[in-house]
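See below for the structure under consideration.
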Ligand SMILES: [Mg+2]
Ligand SMILES: [Zn+2]
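Protein chains in written order, with the numbering used here: chain A, 35 to 129; chain B, 2 to 492; chain C, 472 to 955.
Written out as structure tokens, the structure reads:
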């Protein structure tokens, strides 16, 4: 599989990263090199193998349903690049 | 002898014996940072005032008899650990204004034990790299030099600042994180020891995530013993991390003197890759000989799928990263670039905030998860990952530990190997399989290359059997008697 | 069962509908954090660093939310999956802090089930449940608080939702409404969701397509976040009519997400095709597989409350009331409980008539609910007792009831205070009858000449003379006797 420029642009848009034409070209060749490298996995026979999604070999632990967090709006907002009162603020979205 | 030459264990003894105060020791290190950090760039954010305040508290604890073995020990904190009230950047521009209001579990444990934090150590941006050249705060210089050359070398990565700081005596020890080799490879490149514990051994809470199923915190220090003392404190169950293992933490220092007599050490034949540097192979053979002499039984083993480790890694890690880094959108924290609408704001913020390597990995990760490609890439990689784990599990029915080189070469020059990402990725070829399987692995300095650069050997153990890893590592350390020092170091 | 169809220019169309209902789980804290899951709160007050997606923050699952999902699954007669898994659904939006929603994509906690709905004409229909999965809610964006900016409140971000997905078994707006109401009734009975659609704790994504009889499915459109039963029904009709028009004009319906605009009564496209979503689902690496024990599921099952269908059947059997009435009485748990308190040990039919009649009418009139009603179940029960033991008769009972509604007093008290006790003294009754007959000699003569109907008149006059307190049976008897 080889990436064309349009795909690179589509992926960049999905990833919400602005790219200019020069970057598209560089990314295209770099990404193709990486994809070319991982192509070798095609030769591995994985029939009947259950995919391994994590390094941990155990079941999920639960926590009790208790109120133990929140009430820290000021800390939540302290790093915000923009805010209106106690809300985060972003450029207006027109739906 | 300079205070800076003490190991952590020696310094701890001296502090407890009252031969030196935490303030004196910390002051010596602060001076060292002031002197050499402008050159090495090992710290992004030094915190000398904070360190002195912590040292004063440590001295009070030492006097009152409530000190722990780490009380008053000056360390560097990889700038991937969130530290309350202290800027945490992950070496990225996008987090340059970020001051976490919370503390990571591992750094909190070290703080609670009385360790003194000298500052936040440099790293590859979001821990993505093997040379510490991707940091938005500039590359870190390896304190080692090739014999007769003044060329700047990389310290390895991503924990390159941590490694350089420890090697150059800018810190007694450091925290690192390892996703595919980010503790072990820089440790090898700078002549220090570092361990990536079993996945789940150290809490990931409060550590800026790169690839969640692989990220593991661990210590980096000058000796195996120092590592054991640090891991004693860093490890432990944390209910705030669902992947944290509720497994008892033994006193790892107890394992150091166990020796290797009767231990079965596996030598994976697939690690003898074509074209591997003969020096590396020779060092490996030397390590095998040392262990044999110390009474270990050396067994030839096969890890047939490990050669696919890198390919698996370069699908799984970017996939997870592409998702983990989606939160850096300029809305709640971090840097923002203005845009004419929300999407434009996102795209400009992320374009300006991330460096090229991070963008590359986000792009690859996004691609391999995207519609129509998931099965061919991500799912396939997960299946091969299962086979890699199975290889290790089968090997560990035959052997107690596995010995390999840590990296395929010694530290390389700044600017070398940088023409394409794949060449750079090959640095992790020996370290990645253990990360994928979640097993513990340590790098120990074992010798010098013909150019006078440190080389490391890697010891891999069973899940949650760091004790055997420490025992074997201590044996190698003892046999190697590595005592070379980098050219650039605080004195 | 009457088939719902729409007539187009080219013929008759039927509609195919499936619903994805998002039901907010009742819990103290959020699905993956300890912050409050309660509705409302000052902006960003119910928010932890986990909910706001801060660097290094990790999810830890709330056991109660898992239990609530299992209870709901059991209530839907669905398969409970002992192993399930969480996945990340990746997309960027200002109120989605992590850039992904933690959901269950490949392995949901609840598998296939079925729900019974009843239509207006009494037909019963089964709607298949495809799955139920747990996921996080997003925060809230508001666009009208500032001239140039949208503002974001993350209080809801991370609150647990159950997404209940139906099979495309629904064939009319009425069925959709009945299904939605039934799901709401079930989760309310279970106490797993309050079903409050106004506050958004329950909302539906509606998948609609149209086809001609006998055809396979055509392309569907998803109408997002419809927040009332009425709107769901309207949206389906509006969307079906739109699609029919598209097809009949020779066009193609494109699969897309649409919004229902209740003020215009129409649906409109939400996102351009260029922005088609690619959610890049993959297993959430911060969480491990969710494994639950069958024994735990059995425990939850044993403690499940009686569900509406079972309760309705039992009411019919136990209290001898008609199926329809039983349906009205089990509409919600409070009504059902009220009924049972009144009916227990009494005449179940009489209890049902009083509740569905005078009692509901009084609630309607006064705008009260069962919880705030001035007439308690105990009071209504006492009233029925007074009727049963003949302390009062049915006519007086109506007056006593009105007094109860007005004053909240107990019926026995009212009867005593107002002297409404039924007169069973035959002497007093005879006396009243004698007087009435004496006063109406002409009518007596008419009666005797064959105008039988006048019997009721005499009884009525006697009751009137006794201020309604005469025992109706005794009065009847006395009138009959004296008329000879
Ligand atoms: Mg949906
Ligand atoms: Zn959903």
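Glycine included, each C-beta is placed from N, C-alpha and C at the ideal position.
If you ignore the 5 residues before and after residue 326 of chain B, its C-beta comes within less than 8 Å of the C-beta of 127, 355, 359 and 363, all in its own chain and listed in chain order. When distances are taken from the beta-carbon of residue 748 of chain C to the heavy atoms of ligand 2, even the shortest one reaches 7 Å or more. Taking a Cβ-Cβ cut-off of 7 Å, the neighbours of residue 383 of chain B in chain A comprise 85, 86 and 87, given in sequence order.
Between residue 645 of chain C and residue 591 of chain C, the CB-CB gap stays under 8 Å.
In summary, no residue of the region 416-445 of chain B has a CB separated from any CB of chain C by less than 7 Å. Taken through DSSP and simplified to helix, strand or coil, residue 885 of chain C comes out as helix. For residue 574 of chain C, the Cβ falls inside the 7 Å cut-off from some heavy atom of ligand 2. Taking C-beta separations shorter than 7 Å and ignoring five residues to either side along the sequence, the partners of residue 471 of chain B in its chain run 225, 229, 253, 256 and 257, following chain order. At least 8 Å separates the CB of residue 608 of chain C from every CB of chain B.
Spatial neighbours of residue 549 of chain C in its own chain (CB-CB distance under 7 Å, excluding positions within 5 residues in sequence) are listed in chain order as 581, 582, 583, 584, 600 and 603. The three-state secondary structure of residue 112 of chain A, taken from DSSP, is coil.
Judged by their CB atoms, residue 77 of chain B and residue 37 of chain B are not nearer to each other than the 8 Å cut-off.
When the beta-carbon positions are compared, residue 946 of chain C and residue 900 of chain C come within less than 8 Å of each other. In this structure, B:186 is the residue among B:98, B:164, B:186 and B:240 with its C-alpha nearest to the C-alpha of residue 410 of chain B.
At a Cβ-Cβ threshold of 8 Å, residue 207 of chain B and residue 103 of chain B count as neighbours. With respect to the 8 Å criterion, residue 578 of chain C and residue 552 of chain C are classified as neighbours on the basis of their beta carbons.
Annotation: residue 40 of chain B to residue 123 of chain B spans about 13 Å, alpha carbon to alpha carbon.
For residue 341 of chain B, the shortest separation between its Cβ and any heavy atom of ligand 2 does not lie below 7 Å. Here the distance from the Cβ of residue 372 of chain B to the nearest heavy atom of ligand 2 is not below 7 Å.
Annotated three-state conformation of residue 560 of chain C is strand, per DSSP.
Excluding the 5 residues flanking it on each side, residue 817 of chain C has same chain C-beta neighbours closer than 8 Å at 852, 855, 856 and 859, in chain order. When rounded, the separation of the alpha-carbon atoms in residue 44 of chain A and residue 566 of chain C is 23 Å. Under the rule that a run must span 3 or more residues, the beta strand (DSSP E) segments found entirely inside the region 358-414 of chain B read 402-406.
Residue burial is scored here from C-beta neighbours: residue 247 of chain B has fewer than 16 other C-beta atoms within 10 angstroms and is therefore classed as exposed. A residue is called buried when at least 16 other Cβ atoms come within 10 angstroms of its Cβ; residue 72 of chain B meets this threshold and is buried. With a cutoff of 8 Å on beta-carbon distance, residue 214 of chain B and residue 756 of chain C are scored as near each other.
A heavy atom of ligand 2 is found nearer than 7 Å to the CB of residue 606 of chain C. From the beta-carbon of residue 205 of chain B, the residues of chain C found nearer than 7 Å are 529. Within its own chain, the residues whose Cβ lies closer than 8 Å to the Cβ of residue 778 of chain C, once the five positions on either side in sequence are excluded, are 546, 657, 660 and 661, listed in chain order. From the beta-carbon of residue 409 of chain B, no residue of chain A is found nearer than 8 Å; the closest lies around 15 Å away. The shortest C-alpha to C-alpha distance from residue 904 of chain C to any of C:931, C:869, C:701 and C:768 is the one to C:931.
For the pair residue 477 of chain C and residue 588 of chain C, the Cα-to-Cα distance works out to about 22 Å. Beta-bridge partners of residue 611 of chain C (DSSP): C:624. In the three-state DSSP reduction, residue 797 of chain C falls in the helix class (H, G or I).
The beta carbon of residue 622 of chain C sits closer than 6 Å to the beta carbons of 613 and 616 from its chain, once the five residues preceding and following it are set aside; these are given in chain order. Sequence-distant Cβ neighbours of residue 732 of chain C in its own chain, meaning closer than 8 Å and more than five residues away, are 738 and 739.
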